[in-house]
Each structure stands twice: as C-alpha cells, then as structure tokens.
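Heads up, the thing below is written out as structure tokens.
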Amino acid sequence: KQVRVVRQTDDGSRDEKNLDPDELVPGDVIFLEAGMKIPADVRIVFCADETQVDNSALTGESMPEVRTTVPASEETPAPSATNLAFFGTSVLQGSAT
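What follows is the structure in structure tokens.
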C-alpha cells in the first residue's frame, strides 16, 4: 500500500506524492493514520493527542503505546522512546507525521 509523502525539491518547494514504501528515503515526511502499518522507522514531529501504536511485534508488549513529539533522553532505549515509531508496527489510534 502506498504512503503519502512530502519531499523538498531541489529548488526548495514542497512535493507531495504517494509512494511505495520501498521508495522512501531519509528526510521524507510521511503521514500515518489509524489502521496503517508503519512503513519505516520514523521520528514523530507531529501527532494527534492519544496517538497509539502496537509495538508487540517489536517488544512483545501487548498494551498499546502512546506516541508524542517529546524527544526522549539519550539514555532511553529506542523501543521505549515515545517520539519514535518502527517499521512493521501499526498505528492503532490517531495520526502522526
């Protein structure tokens, strides 16, 4: 399934398109919404209140986990960072970019 993406073009303008997940590159801004499989490891820069992901495939934790834009401390392991979402997990509720 294609993913809605925003890229900055060489002249600095905004280019919004739908791409296959294997066409994503570092720096792409992707739009996530409830029901989606996350197509790549991503840093969350905006999200709706109470956005939740299912990280059970990654961590074994069966409870949904809330995502935020608040950066985690350097000591926080990546799977515990609430401003990250990971390839192969799912968005259960809310939306994020």
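Here the sequence shown is numbered in our numbering, starting from 202 and rising by one per residue. Idealized CB from N, CA, C, for every residue including glycine. Since the model is a prediction, treat every value here as computed from it, not as a measurement.
May I ask you to report which of helix, strand or coil DSSP gives ALA258? Note: ALA258 maps to helix in three-state DSSP.
Taking one C-beta from the stretch 204–222 and one from the stretch 246–265 each time, how about it: are there three or more such pairs within less than 8 Å? Output reads no: the stretch 246–265 does not touch the stretch 204–222.
Quickly, what does DSSP pair GLU217 with across the bridge? List them, please. Answer is VAL207, bridged to GLU217.
In the structure shown, what three-state DSSP assignment does SER281 receive? For SER281, the three-state secondary structure derived from DSSP is helix.
DSSP three-state assignment for GLU234, whether helix, strand or coil: The answer is strand: DSSP assigns GLU234 an E or B state.
Under the rule that 16 or more other beta-carbon atoms within 10 Å means buried, what is ALA286, buried or exposed? Buried is the label assigned to ALA286, since at least 16 other Cβ atoms lie within 10 Å of its Cβ.
May I ask you to verify whether the stretch 237–249 touches the stretch 266–286, counting CB pairs closer than 8 Å and requiring at least 3? Two segments are said to touch when three or more pairs of C-beta atoms, one from each, lie closer than 8 Å; by this definition the stretch 237–249 touches the stretch 266–286.
If you follow the beta strand (DSSP E) that SER291 is part of, which residue opens it and which one closes it? If you look at SER291, you'll find it in the beta strand (DSSP E) that goes 291–294.
Take the Cβ of PRO280 as the centre, count every other Cβ of all protein chains shown within 10 Å, and call the residue buried at 16 or more, exposed below. Flag for PRO280 reads exposed.
Is it true that the CB of ALA297 sits closer than 8 Å to the CB of LEU233? Yes, Cβ-Cβ distance for LEU233 and ALA297 is below 8 Å.
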